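Numbering (this note's numbering), first residue to last: 2 to 138.
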């Protein structure tokens, strides 16, 4: 029996590609690196510069990947006229339901939520450390 990823209830049958995991890790490393710059400046300019380049370069790579994914989704929606079918309440074929289910499932990916949580948490931590280093100590 072929495993199919049709909707989120069958998500356990789905496998994220190695590429998506690679870019997820690149995004996390970039988030950590860019938020550690202020702290690393205390250790030496070279460490801060390395972290800055890793962070900005990592974000550049990560967001090029995310742009390509979103662009593909947009083209897919237009090519299959999913917006017109849904907004016009036109009859959907079985394949349309599969496509919409797949799109909705991909929009609720756990990796994306983890990425946002890490970015938010590290940003808050970096802000607290920077305020402490600049104004308290």
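Ideal placement from N, C-alpha and C gives every residue a C-beta, glycine not left out. Every value quoted in this text rests on a predicted model; they were computed, and no experiment measured them.
How big is the Cα-Cα spacing for residue i and residue j?
i           : j           : result
residue 53  : residue 109 : 30 Å
residue 85  : residue 105 : 17 Å
residue 27  : residue 78  : 28 Å
residue 134 : residue 22  : 35 Å
residue 56  : residue 17  : 24 Å
residue 29  : residue 80  : 33 Å
residue 50  : residue 67  : 25 Å
residue 92  : residue 99  : 14 Å
residue 113 : residue 95  : 28 Å
residue 48  : residue 137 : 23 Å
For the alpha helix (DSSP H) containing residue i, list its first residue and its last residue.
i           : result
residue 99  : 95 to 108
residue 67  : 46 to 80
residue 138 : Element bounds for residue 138: n/a, residue is neither H nor E.
residue 21  : 19 to 36
So for residue i, helix, strand or coil by DSSP?
i           : result
residue 89  : coil
residue 133 : helix
residue 113 : helix
Taking buried to mean at least 16 other C-beta atoms within 10 Å of its own C-beta, is residue i buried or exposed?
i           : result
residue 38  : buried
residue 129 : exposed
residue 122 : exposed
residue 59  : buried
residue 24  : buried
residue 36  : buried
residue 118 : exposed
residue 64  : exposed
Less than 7 Å between C-beta atoms, sequence neighbours within five positions excluded: which residues of the same chain meet that for residue i?
i          : result
residue 40 : 130
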